[in-house]
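A.B. asks:
Numbering (my numbering), first residue to last: 21 to 1163.
#1: Do you know offhand how far residue 1048's Cα is from residue 1055's?
#2: According to DSSP, what are the bridge partners of residue 780?
#3: Quick check on the burial criterion: 16 or more other C-beta atoms within 10 angstroms. Buried or exposed for residue 577?
#4: Considering Cα atoms alone, identify which of 1060, 60, 1029 is closest to residue 1042.
#5: On the criterion of 16 or more Cβ atoms from any shown chain inside 10 Å, does residue 564 qualify as buried, or is it exposed?
#6: Mark residue 871 as exposed unless 16 or more other C-beta atoms lie within 10 angstroms of its C-beta, in which case mark it buried.
#7: In this structure, does DSSP put residue 122 in helix, strand or coil?
#8: Spatial neighbours of residue 69 within its chain, please: C-beta separation below 6 Å, excluding the five flanking residues on both sides.
#9: What first and last residue would you give for the alpha helix (DSSP H) that runs through residue 914?
#10: What number of angstroms, rounded off, separates the C-alpha of residue 598 from the C-alpha of residue 342?
#11: When you compare the segment 697-711 with the segment 667-674, are there three or more beta-carbon pairs, one atom per stretch, that lie closer than 8 Å?
#12: Contact between the segment 801-809 and the segment 764-779: three or more CB pairs below 8 Å?
#13: Where residue 984 and residue 911 are concerned, what is the direct C-alpha to C-alpha distance, given to the nearest angstrom?
#14: Which value, in whole angstroms, describes the spacing of the CA atoms of residue 403 and residue 453?
#15: Do you know whose CA, among 874, 279, 896, lies nearest residue 861's CA?
#16: Who are the Cβ neighbours of residue 506 in its own chain at under 6 Å, not counting the five residues just before and after it?
#17: Does DSSP classify residue 710 as helix, strand or coil?
#18: Is the separation between the beta-carbon of residue 1110 and that of residue 1124 shorter than 8 Å?
#19: Under 8 Å between the Cβ atoms of residue 1156 and residue 1127?
#20: For residue 455, does the three-state DSSP call read helix, strand or coil?
#21: Can you name the residues that DSSP bridges to residue 1067?
#22: Can you list, in chain order, the stretches of the alpha helix (DSSP H) that have 4 or more residues and sit fully within the segment 862-912?
#23: On a Cα-Cα basis, can you pick out the residue from 383, 555, 581 that is closest to residue 426?
#24: For residue 993, write down the residues that DSSP places opposite it in a beta bridge.
#25: Between the C-alpha atoms of residue 749 and residue 785, what's the straight-line distance to the nearest angstrom?
#26: Return the residue from the list 1104, 231, 1152, 1084 that minimises the CA-CA distance to residue 121.
#27: Let me know the secondary structure DSSP gives residue 1138 once reduced to three states.
#28: According to DSSP, is residue 410 part of a helix, a strand, or is it coil?
#29: Give the straight-line distance between the Cα atoms of residue 681 and residue 731, rounded to the nearest whole angstrom.
#30: Starting from residue 1156, follow its DSSP beta bridges and name the residues at the other end.
#31: Using only CA atoms, which one of 466, 386, 432, 406 lies nearest to residue 417?
#32: Apply the 10 Å Cβ neighbour rule to residue 766 and answer buried if 16 or more other Cβ atoms are within range, or exposed otherwise.
#33: Return helix, strand or coil for residue 1093, following the three-state DSSP convention.
#34: Please list the terminal residues of the continuous beta strand (DSSP E) segment that includes residue 557.
#35: Whole angstroms is fine: what's the gap from residue 282's alpha carbon to residue 379's?
#36: For residue 548 and residue 542, I'd like the C-alpha separation in whole angstroms.
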């Protein structure tokens, strides 16, 4: 708890006592005015006493408030905030792509705020430890300091909380991204990796590329230093998903494609296999073994298709390697089965004949089979139509109907047997089908006519008997039609169907089943049936005749003999006309007439073309060729190809010697050649004039004048020839340029620099490249001369110093590395800045700038500088003396007195007047005697202690911040770490320190300024702010560093050739150096985890001071400018940092 100081209200009490004493004296006078004055003095004394009592009463409340506020802003809270700031900085720096300059600035500002709060808190805490008694003014100041510390800590806390929220957001984003990547890797990619074994090579290649890209980017998430998490979440991950979706879609598309192809192949194989199964292996070896093996392979192939339905690669292999082979095997087995089945029914000669047939005959046989099927269908329709009329009931038609029924049955049974006999098919169509159809049609007409003439009969009688016979006949042939409606597929089926039909016919004819069975087993019956099937009619008649002799009453034998005789009779009576050629004489005659007429017309047309059209066409071609040559000649002349144009004109004259255009063209070509000769001579003279040496300007003028004559002659002959007009203008300008430059050189040599300057500038405006080096040197010398002339003019004219500085700036633009121009410009700038601050009453700032000019040139502006500096010292001393800073005022008066001026009386008088105040003397103690209750006696005010010198006065020393618990704040020491001196922690010192830091960013001539700026999403880099251009005005800044890591803390070397800065290019904060033109960036300190920061140059540009935590806490180090000889010059247990070399 703060305690009260009883001397706080001494001044108020003394004033009240004085008023009371004066009131008594006035009252003792006994006058009215005395009484009125005494009353007013008494009231004023009472007011002062009340004010003292009120202030004394308010002190405990303020003391309590200060104590509570001090408890709130504790060192523990500051340490906690500092730890939080350090942790959040480390968290954010782990994501360097997100460690933006804004975040780094917030972190730096937060740490700076904490440091300011720590300094304020240390000031109040040290006062509390030293004494417990405070005056009210001291208490108010303590409250203000602690409030400022609280505000700084609140500001730092807000920034740190923002940084923590940003760090938490980035970490959550990183965690979410990792989870999504793991989920994608765990499920989607694992499934796709399993599917990739079944992908086609081109799809697998795309998948491998996507997978490699994913693995590479995903591996970077383990160390996300250079990963842009926002971009990865919004762009990279959706891109990977989209590309994987495209791969999967392409895989499914190929899968569907090969499935469709496989379904088609499966359908073909199934159809061919069913066709083969219908034929069967026929039980013969080795065909049956091949059939069984093929059946197993087909079943295995179907199982393989079902197993690999989801594997496009396997499906493609099946389609490419197995389908074709399996189809070929099935086709081959089918051919073998057909050949094997056909060999049992037909003899080898028939097959050989069929195989020997040419392709055209095979096509005709197939066509005959189609015709035969159609004929069979017609005969069946007509036969069934005839049966519905029941012609067997008519006595006059019964016998013919029975014969027709036997013939139809024989034809239907014979038709399937001839399907493999090309000649038999042809015979059936030519000799049997048409006559049989005609007989059925005739029988149909007779049956219709008989039904019209048939008498009406009752339900009994012959009608019933005839119906029975008709039914028996219909049963005889009725079974044939269904069998013949579907053609048999083999000879075995043909033989079986024929036997079944005969058996039914036998039963229908009246033979018993026992008799039919005995006859069917007879050898002669089988031999006769075989002869019938092969067309051997006479042998069949012989066998059936013997059979009828053995069975005289057998109806079956009789019917078979009649059928054999019928076929033999039909074969002997039917005549087949032989194949013969028919010549279409009429058509041939017509074709010959057309050809002959066409030939005559062609001969006549040729004759007319040669006689009449050929000369006309030749003339047209000649005119066309002449027109083309004229156009070509004109184009060549316009293009300047004179040789080719001359050859073209000669060719044109060879075609038409009187061609006027060709003659004019030759004249024009001759003129063009003359102009070309003059043009080339002018060019040669112009080149010789341009290549003449600088000294021989008269010779150059002679060459240019000769070239001008050539070009003038060309202009007289052809005003628009090439670029002659432009060259004449250029030569005129060049000659004027040479004359103007010669005049400028003459004026320069004569010392007329102002006139020479105008002439040089005119030369520069006409041609900036003409004698560039010489003109630059002349302009530099002129600008420097004009500027120095203003500075050295006597009497001096301060109002013209801005013009001098402008001349120096122009000189520096021409030679930026000129030391003398840099110095002159710097002195002029410092003088003008000091002059402005002098007139503004800012004496200390004016002294800081004017004194630098005085150190370099004491006689600057002929004594005006010294007088202005003298007045500034006097005004500064007066101001500091009025503020109670007696020591500093004395120093200012002393410096003023030391200046080389004739009249220094004012400074000496000020010194004499202030010298007694420097040594404190005791003041006599007196006791107030008021009429009221006595109060404590007043004590004398302490004599002020002189304030420390400004930082700029410690040139060559190193200023830095120290965290020494006893004396925290700004210290200075020399470059070896010796002569350490504590300056304090006043706000004025901090402002001076910040000004020095800011000054280090300027180039030595103050024309260029270094600053840090971020470009897009890339880390911040160092830029140079350029001076204002005399023609283009403000120029855009130039980027000095182009590294991939963050760059900051740039400082310019005093010699202006190099820039030192801090960069995170190698992962840690290291000291780097780069030339002022942006070349040769190199690192001076290379670390893994420590920080090296805040570089500062020595005045001679040979060494650099910086701070580093390489030993566990912040210490100050000095090294050579090339990075060698690094030494710790702090060597303290507490932290020391942010050094600045005062120069």
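Virtual Cβ for every residue (Gly too), placed ideally from N, Cα, C.
Because the structure is a prediction, the values reported are computed rather than measured.
C.D. replies: In this structure, then:
#1: 6 Å
#2: Looking at the DSSP assignment, residue 780 forms no beta bridge with any residue, so it has no partner.
#3: buried
#4: 1060
#5: buried
#6: buried
#7: Of the three classes helix, strand and coil, the one that applies to residue 122 here is helix, per DSSP.
#8: 36
#9: 906-918
#10: Here the model assigns residue 598 a pLDDT of 49, short of 50, so the residue's position is not dependable and the matter cannot be decided.
#11: no
#12: yes
#13: 29 Å
#14: Rounded to the nearest angstrom, the two C-alpha atoms are 13 Å apart.
#15: 896
#16: For residue 506, the pLDDT reaches just 36, beneath the cut-off of 50, and the residue's location in the model is therefore unreliable, leaving the point undetermined.
#17: helix
#18: no
#19: yes
#20: helix
#21: 1083
#22: Runs of alpha helix (DSSP H) with 4 or more residues, each lying fully within the segment 862-912, are found at 863-876, 884-902, listed in chain order.
#23: 581
#24: 978
#25: 16 Å
#26: 1084
#27: strand
#28: coil
#29: 29 Å
#30: 982
#31: 466
#32: exposed
#33: strand
#34: Counting along the chain, residue 557 falls outside any beta strand (DSSP E), though it belongs to the alpha helix (DSSP H) covering 557-570.
#35: 34 Å
#36: 10 Å
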